[in-house]
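In what follows, a single structure is set out as structure tokens and then discussed.
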């Protein structure tokens, strides 16, 4: 039997492996690997997922063979070979190389920033896994490893960029918006020399009309139908036109012949020396030196921008100075290149740093014998606050450094050396002819001393004089002494302006401050509280009376008491030498039509007085309650007194109707702010308690905006003024229903139902009417909601009544164990069993 079971098990395993093995085709495997690599999945994770899907090492090797064959075919151009018709488009296209940048979009690069690589946490020593990983990596490298390398390289580049000195002009060939790419559709220059690969159009018009398209062959000829080859290689466009006219003139004697160039050939040029990527480049025949430098990635850190050389057939044909283009817009030397031209970028001769108060502080490349004046011109000149009389130059002299102060007259004759460091200082932040006036004048600020302003009086007059609230008895002037310490001079402004005191001469950097009376005293305010239209704090005004202030606050409200208005006043005693128990004085007044009739008429207020207008004693706005349902006159009623009771309002409403059911009457009450505050405190305490292990559901404590009050209207009407006859308050809503002869059963019963009320029947009768208890019914917690809002636990004392609802709660559902928990329990049980067996064996031994 055991052998039979083992055989079946092995058969199932082999069938499962076979199914898994054939679950993915080679194409699906290749597409899956590419897709996962683009997501940034590591090679280890890809191999693991493939093995889980049943992919074998043989399938990986098959995919590798197909992938390599496909890539080889693409490399040979198999997919790119197409046959096209005759090309008649005269618009030229740029057929030179494009400057390429690494396409890293498939790696984890978002918003232009390379993110930190995800670490691979997979570790396995499985021989099949290692073999599959090796085979897959041999033809499709790990995208995360490539990415990690790119991330490290970019970090190094960023670090180098921060430490690298910024050289003027070096970034011009690294700007993607400035490629210097030639315009391919300009009129063909007459000095353009034709060569093999150029497409030409020969237009014949006049007596004969024809267009001949041809391409210059490798031996330098164009073939003209009906005539034969004509040699044009090495000729300019003008020379080729002349040759064609002379060659074909006899045949087309009455016609004009014109040669134009269509698609130009590509040329091969070499960029050598101090560029980012020296090498050989294939570019358009219209390409210039600048475009070739852009293709080579620009000049490196030690390359020259001022002496770039172009060689043609071993002869120097052009010298390029990039600064001429950047600063003056000149393209001298930026010639059009020809086949096999060599561009040589040598190292710079002189690199100088300039810092300080210039418009473009950075490093600049200087030619031999260029002066400090040229450097300042390259740097954009001085800034507005630069010190121009002298410029400091630090220069290496032998084993030490020397410093030179170059006078403004020697700037153009002082020659620069390599590694010179130039610094332009700023002017000293001091004034040579300034005085300042602050405070209570119409035009405070700084003024020029000398001429029209030489004394305190002339300074005040130039400031348009003192303001009306100026405190002129004493002003303060701060004066700078020769040792740059301050001294203070007292100034009698009133005396000087009246001519009674001698005027004070001003010196450079004097500062005169004239205070205002408002600044010398605390802000004066008065306040009014209580039954006025606009209570609040107001600015004090001299001679303001109590009546004035009441009018300023909008007058009295209808609720204001005219019999008692109080004014509270601070007690000021600057000469006090002991503490007094009295902290304020209070004055009381009676008013009529806003005027004082009892007390001191025209009572003048003082700063910081506080006025209190009291409300009429016992004044209360109407408080309403509402009655709905089975009363004679339902609606809203005003409470006539503070302690009006339920039975009194029912009588006001005409009493109950014949169909009223007073046992089911209920009262809904609006929660007051005080009750809300108490409930919030209870909730906070409950929440604090629940943090200590309690299981209080604080949501159940929230009453909302209203809550039900259990009443017994029948007893209240029979016993007016008793405890049953509760006192009403504003917002109460009384609902008197009709008689309802039903009982509703809900909750955990077999069939929730509403049945007719039967007098004398107990709880079990109504549960049976709903099909009996539910499977999870919590029988002992069954409760009854009566029509009057009272809720009671079901018992012999609390019996069902007409219109009530019986609610049967459910037991909380027990949480089922998860698979992991069951495994853990099983493992624990097995461990305990093993331990017990071990102990038993030890005891036996």
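Residue numbers (mature numbering (1 follows the signal peptide of the UniProt record, and there is no 0)): -20 to -1, 1 to 825. By construction, the Cβ of each residue, glycine as well, lies at the ideal position given by its N, Cα and C atoms. If you're wondering where the values come from, they're calculated on a predicted model, not measured in any experiment.
If you ignore the 5 residues before and after residue 500, its C-beta comes within less than 7 angstroms of the C-beta of 451, all in its own chain and listed in chain order.
The beta carbon of residue 481 is closer than 6 angstroms to those of 472 and 475 in its chain, skipping five residues each way along the sequence.
Selection 12, 6, 5 and 110 evaluated against residue 24 yields 110 as nearest (Cα-Cα).
When the alpha-carbon of residue 720 is set against those of 506, 743 and 785, the nearest one is in 785. Straight across, the Cα-Cα distance linking residue 385 with residue 404 is about 10 angstroms. DSSP places residue 248 within a strand segment (E or B) once states are collapsed to three. It is roughly 51 angstroms from the alpha-carbon of residue 461 to the alpha-carbon of residue 564.
Secondary structure note for residue 385: it is in no alpha helix (DSSP H), and the uninterrupted beta strand (DSSP E) holding it is 380 to 387. In this structure, residue 398 lies near residue 331, with their beta-carbon atoms less than 9 angstroms apart. With a cutoff of 9 angstroms on beta-carbon distance, residue 727 and residue 787 are scored as near each other. Sequence-distant partners of residue 410 (beyond 5 residues in either direction) whose C-beta falls short of 8 angstroms from its own C-beta, in its chain, are 489. Note that the C-beta distance between residue 591 and residue 505 is not below 9 angstroms.
Within the DSSP secondary-structure output, residue 190 pairs in a beta bridge with 184.
Annotation for residue 286: no beta strand (DSSP E) segment contains it, and DSSP assigns it neither H nor E.
Comparing alpha-carbon positions, the option among 585, 531, 611 and 562 lying closest to residue 572 turns out to be 531. Residue 693 sits close to residue 643, with the two beta carbons spaced by under 9 angstroms. Residue 317 sits in coil when the DSSP states are folded into three classes, being neither helix nor strand. Between residue 287 and residue 254, the gap from beta carbon to beta carbon reaches 9 angstroms or more.
A check of alpha carbon separations from residue 777 across 422, 763, 790 and 767 identifies 763 as the nearest.
Distances from the CA of residue 689 to each of 667, 713, 699 and 246 were compared; the closest alpha carbon is that of 713. DSSP, read as helix, strand or coil, puts residue 197 in coil. Rounded to the nearest angstrom, the Cβ distance from residue 359 to residue 375 is 18 angstroms, too far for a contact under 8 angstroms.
In the three-state reduction of the DSSP assignment, residue 340 falls in the coil class, being assigned neither a helical nor a strand state. For residue 28, the secondary structure class from DSSP, reduced to helix, strand or coil, is helix. Shortest Cα-Cα distance from residue 424 to any of 559, 433 and 445 involves 445. Straight across, the Cα-Cα distance linking residue 634 with residue 703 is about 22 angstroms.
Apart from sequence neighbours up to five positions away, the residues of its chain that approach residue 524 with a beta-carbon distance below 6 angstroms are 585, ordered along the chain. In terms of Cβ geometry, residue 320 and residue 248 form a close pair [threshold 9 angstroms]. The Cβ-Cβ distance between residue 246 and residue 263 falls below 9 angstroms. Within 10 angstroms of the beta-carbon of residue 151 lie fewer than 16 other beta-carbons, which makes it exposed. Between the stretch 539 to 548 and the stretch 591 to 604 there are three or more inter-stretch CB-CB distances shorter than 8 angstroms, so the stretches are counted as touching. Distances from the CA of residue 648 to each of 606, 638, 631 and 619 were compared; the closest alpha carbon is that of 606.
Per DSSP, the unbroken beta strand (DSSP E) holding residue 595 starts and ends at 590 to 595. The alpha-carbon of residue 658 is positioned some 57 angstroms away from that of residue 418.
Going by DSSP, residue 616 is part of the beta strand (DSSP E) stretching over 615 to 618. The three-state reading of DSSP puts residue 488 in coil, since its state is none of H, G, I, E or B.
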